[in-house]
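One structure below.
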Amino acid sequence: MSEFEALLEEGASAPVEGWDFSWFEGRATEERPPWGYAELLAERYRTAGSALDVQTGGGEVVAWALHRASQRASQRAARTAGRAPSPLAATESWEPNVALATRALAPFGGTVAHVADEDPLPFGDAAFDLVSARHPVVAVWPEIARVLRPGGTYLAQHVGVGSAHEVTEAMLGPTPVGQGRHPDTAAADARAAGLEVRDLREVKLRMEFLDVAAVAVFLRKVIWIVPGFTVAAYREQLRALHERIQAEGPFVAHSTRYLIECRKPHRSDSG
């Protein structure tokens, strides 16, 4: 079996459930945003009475942040600020991830609802102090605003415009960069839903793929980069990319991320 065939087989068979990216260690790298989203989320969990994470994946980020929040609380504070929010809920659209997230959040008393990304949230009005999301496929702003309590916070890290576009073009050829994920659009939609935008930051980050198997697993896992991607359907494009990596070294791409934090105002707030 050639090296390319072996890498292709590995890329087609690696598991892609959840948002655990440890498989990529030694095979791909990506810079991390400077604001440290998981740490910010842990800080919010220390004071939130109730919390919802939308499109949670396998629940890994939420579980890490909850564990971190409890670690950072003193024994005295752990009885109050260090406890997990209650209720603690999450939504997820992909059924294999629902099972992963349920196991991840059960130790914290969390529940996971199987909900399509664009569907209404199955919770009552003003149910949560905190709504969070890491890399949601879509932000349904009216629903986020509806389930937030007055004074509540939406904290999220979204994928920005043209993220990993170099990978898209390696598979599809020259492709226009859509503007649907622009942070200014998100901020405008949040305001239209009645939320105040408190923080909005964007960053461009370097990615490196050291072999073609890493590219294949990335595209199987992050399905919006090349919709409908399969290793078999893109075999020749993957071969060309393999030869490029062999000749030139790691394949370089760039991801974009933005942090957005919003607050639902009290009715008595002016403006």
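Here the sequence shown is numbered in full-length UniProt numbering, starting from 1 and rising by one per residue. Even for Gly, the Cβ is constructed at its ideal location relative to N, Cα and C. Treat the numbers as computed from the prediction; the structure is a model and nothing was measured.
| Check | Outcome |
| --- | --- |
| Could you give the distance in angstroms between the alpha-carbon of G173 and the alpha-carbon of A106? | 44 Å |
| Report the rounded CA-to-CA distance for T91 versus R239, giving the unit in angstroms. | 37 Å |
| With DSSP collapsed to three states, give me the class of P96. | helix |
| Alpha carbon to alpha carbon, how far is F209 from V61? Give it in angstroms, no decimals. | 23 Å |
| Compute the Euclidean distance between the alpha carbons of P85 and F128, then round it to the nearest angstrom. | 9 Å |
| When the Cα of residue 302 is compared with those of L100, E243, A12, which residue comes out closest? | Any answer about residue 302 is impossible in this case: the structure gives the chain only from 1 up to 271. |
| Expressed to the nearest angstrom, what Euclidean distance is found between the alpha-carbon atoms of V212 and G180? | 28 Å |
| Would you decide whether M207 is buried or exposed? Buried here means 16 or more other CB atoms lie within 10 Å of its CB. | buried |
| Nearest-angstrom Cα distance between T168 and V226? | 6 Å |
| Exposed or buried, R267, counting other C-beta atoms within 10 Å across all chains shown (16 or more means buried)? | exposed |
| Could you check whether the Cβ of G18 sits closer than 8 Å to any heavy atom belonging to the ligand SAH? | The ligand SAH is not part of the structure shown, which contains no ligands of any sort. |
| Between the Cα of T47 and the Cα atoms of W64, P150, R146, L130, which residue gives the shortest distance? | L130 |
| Please report how far the alpha carbon of P34 lies from the alpha carbon of M1, in whole angstroms. | 42 Å |
| Return the CA-CA distance between G152 and K204, expressed in angstroms with no decimal places. | 29 Å |
| State the Cα-Cα distance for the pair G57 and A101, rounded to the nearest angstrom. | 7 Å |
| Identify, in the order they occur along the chain, each residue of the same chain with its Cβ nearer than 6 Å to the Cβ of E261, setting aside the five sequence neighbours on each side. | L155, R198, D199 |
| Applying the 10 Å Cβ sphere with the 16-neighbour rule, what's the burial state of R257? | buried |
| Who are the Cβ neighbours of G162 in its own chain at under 7 Å, not counting the five residues just before and after it? | V177, T256 |
| Whole-angstrom Cβ separation of G49 and V112, contact assumed at under 8 Å? | Incorrect: roughly 19 Å between the Cβ atoms, too far for contact. |
| Span of the alpha helix (DSSP H) holding E10? | 3 to 13 |
| Could you give the DSSP three-state label for R32: helix, strand or coil? | coil |
| Just reading off the alpha helix (DSSP H) that E43 is part of, what are its end residues? | 37 to 45 |
| Suppose you measure from the CA of V98 to the CA of G18; what does that come to, to the nearest Å? | 9 Å |
| On a Cα-Cα basis, can you pick out the residue from A247, F218, R263 that is closest to F21? | F218 |
| Whole angstroms are fine: how far does the CA of A186 sit from the CA of A81? | Note that A81 scores a pLDDT of 43, beneath 50, so its modelled location is shaky; the value from the coordinates is reported in the next line. If I take the Cα positions, the gap works out to 31 Å. |
| Unbroken alpha helix (DSSP H) runs of length 4 or more, entirely within the region 167 to 203: which are they? | 183 to 192 |
| Just to confirm before moving on: does the CB-CB distance between V54 and A104 stay below 9 Å? | no |
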